[in-house]
Amino acid sequence: ITSANSEDAMKSQSGKVRITNLSPQGGTYFTPVWIGIHSGLFDIYARDEPAPDFVEGLAEDGDNGPIINKFSMSTSGGVWDGVVGSAPIAPGMTVELPFDVELDASHLDTLYVSYASMVLPSNDACKYCLCATTDSSNHL
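In C-alpha cells, the structure reads:
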C-alpha cells in the first residue's frame, strides 16, 4: 500500500493497493483480494482456530460478500475496505485499487491492514485462504 498525506488533524490519505501474484507461470491464481484498514479489533484470523463464518465463504467459494458485509457492519474500528481485482489474479498479473480515506492523525500508528483471498485451484478437502493482519507503520 502506498499513500500521500497532508498534515491536518484529520489526515486525508490517498493511495492505492497493488497486488502482484508472484507465482510462477502455470502456478496458482488468487481470487480478488479483500483489503481492510482498521483499528486492529477486526479479526479475520486466529492461529489454530476455525475460520469465522464470514471468512469461510471466501475460503470455500471465493466470495468476498460475507467479509465485506461483516466489515461494514462492524463497530470494531473499520476505516476502509475494498476488493482488488474483478477476476482471478493469474501468475505474474498485477491489479490495483485506489483509495481515499479521512483518518484521525493521532491514531495513524494504531491502524492495521488485513487482507484475504482464496488460492486457486483448491478443493473442499483442502481449503486454502490467505489471511493476514499487520500494523500500518510500514504501509500508511
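Mind the numbering: the sequence shown is residues 4 to 143 in the working numbering, read in order.
The beta carbon of each residue, even a glycine, is placed where N, CA and C say it ideally should be.
- Here the alpha carbon of Phe74 sits roughly 18 angstroms from the alpha carbon of Met121.
- Under the three-state reduction of DSSP output, Ala62 falls in the helix class.
- Minimum Cα-Cα distance from Gly68 among the listed residues Ala49, Pro53, Thr31, Pro35 corresponds to Pro35.
- Three or more pairs of CB atoms, one per stretch, sit closer than 8 angstroms, so the segment 89-98 contacts the segment 26-40.
- Ranked by Cα distance from Ser17, the first of Glu105, Tyr118, Val116 is Glu105.
- Annotation for Thr23: Thr97 place their beta carbon closer than 7 angstroms to its own, counting only its chain and skipping 5 residues before and after.
- The three-state secondary structure of Gly85, taken from DSSP, is strand.
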